[in-house]
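Chemist:
Residue numbers (full-length UniProt numbering): 1 to 952.
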């Protein structure tokens, strides 16, 4: 039972009278008294219109703060796109009482994480911090709500505009199919419709915008009456409300905000459109239809229809297109936003097939669906998966708070999770058939053909649609006469609130057991949500390729085959059963092993473990499945060679390790090595490497040790045999800093990879851990030297970082960033300058203190979710760590000195011996880089010297 009280605003409910002028009014309190799915909360409203939601949960010493403004790109207009997202960036650039570049620093120094996101309909800002840092977070958020505009300078504006351009280049312009959705939206929605452009906006609109435009956007939409502050976690509601009143109560109400109203989208007949993609290597087909807004009564049925038509191995498209190797990919999905929804099909043709063939496949799928109909199994499967997804989404306080904030923003009812679940549970087969007939069958669609440059003849049909802009009427959003009215406080807002007493952080208690057959087991009980996660690791993985590099990728292909048929059931049958149970079972390959991962509701653990046992002991390696997966892999390699970031990662490994080193080859192999793999190689992997020796089992969730051991007893049947992996040779040494260049013509950005193979293995308290600490100030956080210089000061990149990585067999030091193409040489100069200076001088005292605060207080956030708990105890088992190893780390952290960190940096980062890889437009990059004094070696996308067969 859900207990919901809607309160009359009596004087007894007015809290903390006299503290400030604004008193919050409690309007609703929802508590959980039964077994229904509910997120308890209290809801308040301040006189200035600010809505406040508080969720109390003392299970972890963590607090999540979310401020959601009901404004996104849907409040923009033609010629001024991208403002909502641009403004999200500006909200991190300081306010009257928060200095430039201090927002991230203050949150990270508090041991927290933070971010902001913008979509079509809302913008939100959020922090997760130890519970003693709550007041500081509310102070930060209130300062930028009420005291932002005087801190907005032209310089900040220009830098962040450049950063947004880089984000667009990295995420859209500079990647295959990155502009497909932009093209679909432009042709699906009427000219001027709020969804007819992407949230990121157009470059030309960003170029013509100015600081005054941005300030008007803030004044119009960023008032407290258009916002919801949501706080959840280890808090007491009365204390939260008192703080919200103090920091937000004096902020003046903004202009009134009324809902956006637009007509339903109608596509009267098929609209064929096309675009040439400079990065794509394979053509791609999209088929999009308009549907319904979020929370519409037909939304759930359309979601189910999308699953039946194009999600998973039981879907119509998988069976009719992918399994028959007519398409490499064929999916369908349904998405909903506040004003409209979209139903989309996405297909990549198999070699020899055209985009016109893909259109035929979609239409044939409709015919097959009409014959097939909707089954009871379809409905059961969909309901099971959706319920499980909802429950799993509540594993963290951030998940619960985010859901409350979204419900309040879009429906005014934070207590909507039960209603959503009820809508899912009452879904019928007839509902799904009805929405198919109403929204899909015979309806007009936007049919987009994306073709590689030079292959324009591959379009599904000649374009037949022209956008009509004649009926556009510019909206009047009320920007005229806006004034900036600052809040007036009765306290000193310039004083940063002090943190409360540090919370007590307890690492998860765990149990361990060594089985007679060599299997090592570790587990921890967690009853906050009724779920169980099981992870079985068996040694092997990519390192087995060291025995035969010509067949690298065998372990990865083996893992993919382990997700296919068993001797008892088809892959489709297993997939359907797992969905009905609301569970997942996946087999994956890693560097040094194969991992079987299970996630399930506790009530369904037994049948899910039966499926795990079947997958593990009774796989059926069929020629048909092998050929299909192998062909998909081969085509994927071709596509990867059009992605600068993927090229950079693959070639950088080859540069660091050389062509004849197992770590220099992708875990998926290469196009050449995968061609060499045969079905018998997969069978041999199973016969040679499935063993209990060195295997590790991790169990986390609502289950006790005795029960876990009993239910996992079938693992005693694992073959008890010793498996020896070939030793990993050292990486090739770097004689001197060398620049390598891979040409990506007309690339909007240059992908940087700078570093070398350290050979340093992961450790908890040794050289590796100290190296991570030493790198923190250089490139290990948002406020690091490299990121502040390249992103915040220069505006050349969306983000830059450096890091040490380590495993059981080795490690690397690596700087990575996507840099604006025309700034490549300047950025390389700045990177080397920063690295040289840091190595020569080490971190300064302020950076050391910041690092100690940030890492030392982050412990509170480490063990909240089942996945986090699993990661912690898995590492304990993998590296034979004591249960208190984090205490040992904290002792090192507290005592390590600036001099110690300087010595580590000097030893582990050698600027004169770095591999520098640039993946970008040779025409823009080559000569400028040479002028810096570097010799440049040109490589192709496979890492081979241009004009030679020699590899690195």
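Here a beta-carbon is modelled for each residue, glycine too, at the ideal position from N, C-alpha and C. The structure presented is a predicted model; accordingly, all values stated were derived computationally and were not measured.
Start and end of the alpha helix (DSSP H) containing residue 858?
Modeler: Unbroken run through residue 858: none, as it is neither H nor E.
Chemist: Where do the ends of the beta strand (DSSP E) carrying residue 196 lie?
Modeler: Per DSSP, residue 196 belongs to no beta strand (DSSP E) and is neither H nor E.
Chemist: Using the DSSP secondary-structure output, state which residues sit across from residue 25 in a beta bridge.
Modeler: DSSP, once it has assigned bridges, lists 45 as partnering residue 25.
Chemist: Spatial neighbours of residue 537 within its chain, please: C-beta separation below 6 Å, excluding the five flanking residues on both sides.
Modeler: 593, 595, 696
Chemist: May I ask you to report which of helix, strand or coil DSSP gives residue 915?
Modeler: strand
Chemist: What's the C-alpha gap between residue 135 and residue 898?
Modeler: 31 Å
Chemist: Should residue 64 be labelled buried (16 or more other beta-carbon atoms within 10 Å of its own) or exposed?
Modeler: buried
Chemist: Please tell me whether residue 982 and residue 112 are closer than 8 Å, where the distance is taken between their beta carbons.
Modeler: Given that the chain is displayed from residue 1 to residue 952, the structure contains no residue 982 and the question cannot be resolved.
Chemist: Put residue 712 into one of helix, strand or coil per three-state DSSP.
Modeler: Three-state DSSP puts residue 712 in coil, outside helix and strand.
Chemist: Whole angstroms is fine: what's the gap from residue 827's alpha carbon to residue 206's?
Modeler: 23 Å
Chemist: So does the region 786–797 actually touch the region 844–859, counting three or more Cβ pairs closer than 8 Å?
Modeler: no
Chemist: The beta strand (DSSP E) that contains residue 332, what's its start and end?
Modeler: Counting along the chain, the beta strand (DSSP E) containing residue 332 begins and ends at 327–336.
Chemist: DSSP three-state call for residue 444: helix, strand or coil?
Modeler: coil
Chemist: Kindly indicate the opening and closing residues of the beta strand (DSSP E) around residue 820.
Modeler: 811–820
Chemist: Identify whether residue 277 lies in helix, strand or coil by the three-state DSSP scheme.
Modeler: strand
Chemist: How long is the line joining the alpha carbons of residue 764 and residue 804, rounded to whole angstroms?
Modeler: The alpha-carbon atoms of residue 764 and residue 804 are separated by roughly 13 Å.
Chemist: Helix, strand or coil for residue 124? Go by DSSP, reduced to three states.
Modeler: strand
Chemist: When the distance is taken between beta carbons, is residue 783 closer than 8 Å to residue 325?
Modeler: no
Chemist: Would you mind reading off the limits of the alpha helix (DSSP H) that contains residue 389?
Modeler: 376–392
Chemist: Along the chain, where does the alpha helix (DSSP H) containing residue 578 start, and where does it finish?
Modeler: 571–581
Chemist: Specify, as a first and last residue, the run of the alpha helix (DSSP H) that residue 500 falls within.
Modeler: Element bounds for residue 500: n/a, residue is neither H nor E.
Chemist: Taking all protein chains shown into account, do 16 or more other C-beta atoms lie within 10 angstroms of the C-beta of residue 932, making it buried, or fewer, making it exposed?
Modeler: exposed
Chemist: Go ahead and label residue 268 buried or exposed: buried means 16 or more other beta carbons lie within 10 angstroms of its beta carbon, across all protein chains shown.
Modeler: exposed
Chemist: Taking the alpha carbon of residue 703 as the reference point, which residue from 42, 82, 524 has its own alpha carbon closest?
Modeler: 524
Chemist: Can you list, in chain order, the residues of its chain with a C-beta nearer than 6 Å to that of residue 155? Leave out the 5 residues immediately preceding and following it.
Modeler: none
Chemist: In the DSSP assignment, find the alpha helix (DSSP H) that holds residue 520 and state where it starts and stops.
Modeler: For residue 520, there is no enclosing alpha helix (DSSP H); the enclosing beta strand (DSSP E) has its first and last residue at 520–525.
Chemist: Nearest by alpha-carbon distance to residue 904: which of 676, 841, 165, 894 is it?
Modeler: 841
Chemist: Please look up how many angstroms separate the CB atoms of residue 95 and residue 147, rounded, as I've assumed it's under 8 Å.
Modeler: 5 Å
Chemist: Might you give, ordered along the chain, the residues of its own chain that have their beta carbon closer than 8 Å to the beta carbon of residue 341, omitting 5 neighbours on each side?
Modeler: 290, 291, 292, 293, 294, 296, 299, 302, 334, 335
Chemist: Expressed to the nearest angstrom, what Euclidean distance is found between the alpha-carbon atoms of residue 389 and residue 667?
Modeler: 30 Å
Chemist: Between residue 87 and residue 285, which are expected to be in contact by the criterion C-beta below 8 Å, what is the C-beta distance as a whole number of angstroms?
Modeler: In fact, because the Cβ distance is near 36 Å, the residues do not count as touching under 8 Å.
Chemist: Can you list, in chain order, the residues of its chain with a C-beta nearer than 8 Å to that of residue 717? Leave out the 5 residues immediately preceding and following it.
Modeler: 617
Chemist: What's the call for residue 258, buried or exposed, on a 16-neighbour Cβ count within 10 Å?
Modeler: exposed
Chemist: Residue range of the beta strand (DSSP E) that residue 511 falls in?
Modeler: 511–514
Chemist: If you measure between the beta carbons of residue 571 and residue 564, is that distance less than 8 Å?
Modeler: yes
Chemist: With a CB to CB cut of under 7 Å and the five nearest residues on each side skipped, what residues in its chain are close to residue 806?
Modeler: 760, 761, 762, 768
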